[in-house]
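Order-wise, the sequence lines are chains E and P.
With the first sequence counted from 1, adding 148 to any position gets you the numbering used here.
With the second sequence counted from 1, adding 23 to any position gets you the numbering used here.
Heads up, the thing below is written out as structure tokens.
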Amino acid sequence: MEILRMKHIKKSFDGLEVLKDISISVEEGEVLAIIGPSGSGKSTIMRCAVMLETIDGGEIEYIGGKAAWTDAAGKVQYADHAALKEIRRDYGMVFQNFQLFPHYSVLKNVMDAPLRVQKRERSEVEKEARALLEKMGLADKADAYPYQLSGGQQQRVSIARALAMNPKILFFDEPTSALDPELTGDILRVIKNLAAEHMTMVIVTHEMNFAKNVADKIIFMEHGVILSEGTPEEVFDESNARLQEFLGRYEAD
Amino acid sequence: MSTAMIFQQLAGGMLKSISIFCWTLLFSLPLGFLIAFGRMSKVKIFGRFRIIRGITKLYIDIMRGTPLMLQLMVVFYGPFFLWGADIGGFRYPAIIIAFSINYAAYFAEIYRSGIESMPKGQYEAAEVLGYTKAQTFIHIILPQVIKRVLPAVTNEMVTLVKDTSLAFSLAYMEMFTIAKQIAAKETTFVPFAVAAVFYFIFNWIVSTGMTKVEEKLNYYR
Ligand SMILES: Nc1ncnc2c1ncn2[C@@H]1O[C@H](COP(=O)(O)OP(=O)(O)OP(=O)(O)O)[C@@H](O)[C@H]1O
Ligand SMILES: [Mg+2]
Numbered sequence: 149m150e151i152l153r154m155k156h157i158k159k160s161f162d163g164l165e166v167l168k169d170i171s172i173s174v175e176e177g178e179v180l181a182i183i184g185p186s187g188s189g190k191s192t193i194m195r196c197a198v199m200l201e202t203i204d205g206g207e208i209e210y211i212g213g214k215a216a217w218t219d220a221a222g223k224v225q226y227a228d229h230a231a232l233k234e235i236r237r238d239y240g241m242v243f244q245n246f247q248l249f250p251h252y253s254v255l256k257n258v259m260d261a262p263l264r265v266q267k268r269e270r271s272e273v274e275k276e277a278r279a280l281l282e283k284m285g286l287a288d289k290a291d292a293y294p295y296q297l298s299g300g301q302q303q304r305v306s307i308a309r310a311l312a313m314n315p316k317i318l319f320f321d322e323p324t325s326a327l328d329p330e331l332t333g334d335i336l337r338v339i340k341n342l343a344a345e346h347m348t349m350v351i352v353t354h355e356m357n358f359a360k361n362v363a364d365k366i367i368f369m370e371h372g373v374i375l376s377e378g379t380p381e382e383v384f385d386e387s388n389a390r391l392q393e394f395l396g397r398y399e400a401d
Numbered sequence: 024m025s026t027a028m029i030f031q032q033l034a035g036g037m038l039k040s041i042s043i044f045c046w047t048l049l050f051s052l053p054l055g056f057l058i059a060f061g062r063m064s065k066v067k068i069f070g071r072f073r074i075i076r077g078i079t080k081l082y083i084d085i086m087r088g089t090p091l092m093l094q095l096m097v098v099f100y101g102p103f104f105l106w107g108a109d110i111g112g113f114r115y116p117a118i119i120i121a122f123s124i125n126y127a128a129y130f131a132e133i134y135r136s137g138i139e140s141m142p143k144g145q146y147e148a149a150e151v152l153g154y155t156k157a158q159t160f161i162h163i164i165l166p167q168v169i170k171r172v173l174p175a176v177t178n179e180m181v182t183l184v185k186d187t188s189l190a191f192s193l194a195y196m197e198m199f200t201i202a203k204q205i206a207a208k209e210t211t212f213v214p215f216a217v218a219a220v221f222y223f224i225f226n227w228i229v230s231t232g233m234t235k236v237e238e239k240l241n242y243y244r
């Protein structure tokens, strides 16, 4: 069952074509890793998927419905407000620099959207939020404020915040690149555990070994196109000259 | 006239100064938000002119670019010169209106810079979580903006305490106007000394109070 399908996505920023015909599909329970050099459009495709950017062409469809499509005249149409609101329930996102709400305690960060947006019952939300914090190893930090936490802890709170909405698919845009190297392992472990629970995820990452280990499918992007795509074994194949060059340059950094 | 009597006469004026201060804040603090929104409006006419933005920008420039004393005169005497209106009982409302629209312009610029200093990521995180635009502003953005602008707002409040004395230009019997009259009639410096102490204590209370509020908001960073 497909959770997300993006077809022939095009996106330009003032004349600069950043995405040229990108198609992606994500099956339920699948982990997709997107890799590629800086500026290749990885963040942009993800931001299009979660509708923080509007596409210039193509189609976005979630399991809950069609979010955007291109009409016969070549013009992109988005679903109406109510439909988009419904579709937004399908996904969550974890940002590179966490974007926790600094004026809310850790617990409130996790509970606020389920209460305010989903209008769920408080006692049930709190129970679930505490369980999520427990799972993230942050049970004792429920009453702390984000500034009192390390980057790794903040990122785990933001993962808990996203999970509290019970999304069908979770997007991560370089979830470890704002962290000190010794803290990245923490986050990667959390994501790996989610993968073991068959959480559907799309992860933009520069951690090649992690991508190889955790992903079911890898997409290698450059200059707004997909250069290669497949299982980790297929994509990291020795004969893939362009990828080998990228990896070589990457390891040289 | 004894010092006690001078003080007694001044006391009534003090209350009026305090009331100018309070009413001005009551109106200008929220009005500033309205103007700040206008200043950031993206509404266009003819597909290119940002009409609301232009109007509010002009308003702010006029309010900040001309003397408050002049604005007091315009607001008070304006209705008479324009329509021959009877402005007899209009003195006090005119003062409140002039102060409020003037301070709202300053507050608007403070709010605007506060709102614009908020990282885009906070809006984006809220949007992906499904908050509506109104929920995002009221629950996520506004509390953080208030914390950010508090020191600048305190500065304006301290200035406002001193600016209340400008009401003397409309011969309104606030503290400073009375002090001047007594000083002239009795050829004594005492009322000015009392006035100085009054403004000083008033401001001390204002800034101490605001520091308390700032400390209250220091539970997060
Ligand atoms: N809002 C924007 N306005 C203009 N140009 C943009 C905008 N967002 C991205 N770009 C441009 O689009 C291109 C792709 O950016 P994107 O952030 O998707 O790359 P990326 O693959 O995520 O890179 P990185 O690995 O550095 O995060 C870049 O050239 C970038 O400068
Ligand atoms: Mg990026």
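Note that CB positions come from ideal geometry on N, CA and C, so glycine has one too.
Chain E within 8 Å of residue i, Cβ atoms only
| i | result |
| --- | --- |
| Leu245(P) | This structure does not reach residue 245(P), given that chain P is present from 24 up to 244, and the question cannot be answered. |
| Gln32(P) | no |
| Gln94(P) | no |
| Arg244(P) | yes |
| Gly144(P) | yes |
| Glu139(P) | no |
| Ala148(P) | yes |
Residue i beta carbon near ligand 2 (any heavy atom closer than 7 Å)
| i | result |
| --- | --- |
| Val66(P) | no |
| Val352(E) | yes |
| Lys143(P) | no |
| Lys156(P) | no |
| Ser275(P) | Outside the modelled stretch of chain P, which goes from 24 to 244, sits residue 275(P), for which no answer is possible. |
| Asp321(E) | yes |
Three-state secondary structure assigned by DSSP to residue i
| i | result |
| --- | --- |
| Met24(P) | coil |
| Glu197(P) | coil |
| Glu393(E) | helix |
| Tyr222(P) | helix |
| Lys208(P) | helix |
| Phe130(P) | helix |
| Gln167(P) | helix |
| Glu207(E) | strand |
| Lys289(E) | helix |
| Met347(E) | coil |
| Tyr252(E) | coil |
| Phe246(E) | coil |
| Gly181(P) | The sequence given here places Val at residue 181(P); Gly does not occur at that position. Looking at Val181(P) - three-state DSSP - the assignment turns out to be helix. |
| Ala117(P) | helix |
Limits of the unbroken alpha helix (DSSP H) element including residue i
| i | result |
| --- | --- |
| Met313(E) | Element bounds for Met313(E): n/a, residue is neither H nor E. |
| Val151(P) | 143-152 |
| Arg270(E) | 270-283 |
| His229(E) | 229-236 |
| Tyr226(E) | Unbroken run through Tyr226(E) is the beta strand (DSSP E), 224-226; no alpha helix (DSSP H). |
Any C-beta of chain P under 8 Å from that of residue i
| i | result |
| --- | --- |
| His371(E) | no |
| His360(E) | Rather than His, the amino acid found at residue 360(E) in this sequence is Lys. No, its Cβ sits nowhere closer than 8 Å to a Cβ of chain P. |
| Phe249(E) | yes |
| Lys264(E) | Reading the sequence as shown, one finds Arg at residue 264(E) and not Lys. Yes, because at least one Cβ of chain P sits closer than 8 Å to the Cβ of Arg264(E). |
| Ala215(E) | no |
| Ala326(E) | no |
| Ala261(E) | yes |
| Asn388(E) | no |
| Asn357(E) | no |
Residue i beta carbon near ligand 1 (any heavy atom closer than 7 Å)
| i | result |
| --- | --- |
| Val166(E) | yes |
| His243(E) | Checking the sequence, you will find Phe at residue 243(E) rather than His. The answer is no for Phe243(E). |
| Thr324(E) | no |
| Phe394(E) | no |
| Ser51(P) | no |
| Ser188(E) | yes |
| Gly184(E) | yes |
| Ser192(E) | For the record, residue 192(E) in the displayed sequence is Thr; it is not Ser. Correct: Thr192(E) has its Cβ closer than 7 Å to ligand 1. |
| Phe161(E) | yes |
Extent of the continuous beta strand (DSSP E) run through residue i
| i | result |
| --- | --- |
| Phe368(E) | 365-370 |
| Ile172(E) | 164-175 |
| Leu200(E) | From DSSP, Leu200(E) is part of no beta strand (DSSP E); its letter is neither H nor E. |
| Leu375(E) | 373-378 |
| Glu150(E) | 150-161 |
| Gly213(E) | 213-218 |
| Ala181(E) | 179-183 |
Residue i beta carbon near ligand 4 (any heavy atom closer than 7 Å)
| i | result |
| --- | --- |
| Ser298(E) | Of the ligands this structure carries, namely ligand 1 and ligand 2, none is ligand 4. |
Name the residues in the stretch 161-180 of chain P whose C-beta lies less than 9 Å from a C-beta of chain E; which are they? His162, Ile163, Pro166, Gln167, Lys170
Selection of the stretch 286-318 of chain E by Cβ proximity to chain P, strictly under 7 Å: Tyr293, Tyr295, Met313
Of the residues that make up the stretch 193-207 of chain E, which ones have a beta carbon closer than 9 Å to any beta carbon in chain P? Arg195, Val198, Met199, Leu200
Any C-beta of chain E within less than 7 Å: which residues of the stretch 54-65 of chain P qualify? none
Residues in the stretch 220-242 of chain E with C-beta within 8 Å of chain P's C-beta atoms, listed in sequence order? Lys233, Arg236, Arg237, Tyr239, Gly240, Met241
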